[in-house]
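This is the structure:
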């Protein structure tokens, strides 16, 4: 996967998906016996790990079976490890992490984060079989930047373009991050200095996210400095 992007710039690529629900709806939550968490901390997340174990195991096993059958992997090609509130599927061409955690702003709810890492081949991600496995699963691509960038410099570069290429930027006063928009592209790019994250308003398979990212990368070519962010 990193072969399509300069390894001197990109440290790694991750596809990220998020979903969630109500804590009281989890199979292990016993009404009249358990109380809903009022904060998200180590103790309450350990409690979540106990009551979400069944859902996590079911979700992880379903993914294991889909990967095995759709990609025609053999036993030695993949493994699944469970340690609630997390699970890791390690396959020969990629890995997937699934984790449950309480929402900090609303600890009566939980979020499930699914991260696809270490994808060795972009061609695999473009296949119909891979897309069926991961259909509607991911809404973000995150690029780790080896050297990092100054967010202020990215903001200044875009503002100096004065709208050329249909690129605009928004940012908080402390510039700890900025959000880049490209006219005609239904996605936003968040630059934190250490990562460049493309966020879509909908979820899809890695192939769909890669196609949208290609449009963003093409728009960035209007500026040598912006193009240098991702090669």
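Residue numbers (the working numbering): 15 to 245.
Note that the Cβ used here is the ideal one computed from N, Cα and C, for glycine as well.
Query                                                                                                                                                   : Result
What does the alpha-carbon distance come out to for the pair residue 64 and residue 42?                                                                 : 7 Å
With 16 as the cutoff for other CB atoms within 10 Å, does residue 89 come out buried or exposed?                                                       : exposed
Could you pull the DSSP bridge partners for residue 62 from this structure?                                                                             : Note: residue 62 sits in no beta bridge, so no partner.
What residue does the beta strand (DSSP E) around residue 91 start on, and which one ends it?                                                           : Careful: residue 91 lies outside any beta strand (DSSP E) and carries neither H nor E.
What whole-angstrom Cβ distance do residue 196 and residue 181 have, given they're in contact under 8 Å?                                                : 6 Å
Out of curiosity, what's the CA-to-CA distance linking residue 73 and residue 119?                                                                      : 25 Å
Do three or more CB pairs link the region 128-147 to the region 29-44 at distances below 8 Å?                                                           : yes
Please return the same chain residues whose Cβ sits closer than 7 Å to the Cβ of residue 143, not counting the five positions on each side in sequence. : 84, 85
Within 10 Å of its beta-carbon, does residue 36 have 16 or more other beta-carbons around it, so buried, or fewer, so exposed?                          : exposed
Indicate whether residue 179 and residue 233 have their beta-carbon atoms separated by less than 7 Å.                                                   : yes
Does the beta-carbon of residue 186 have 16 or more other beta-carbons within 10 angstroms, so that it is buried, or is it exposed?                     : exposed
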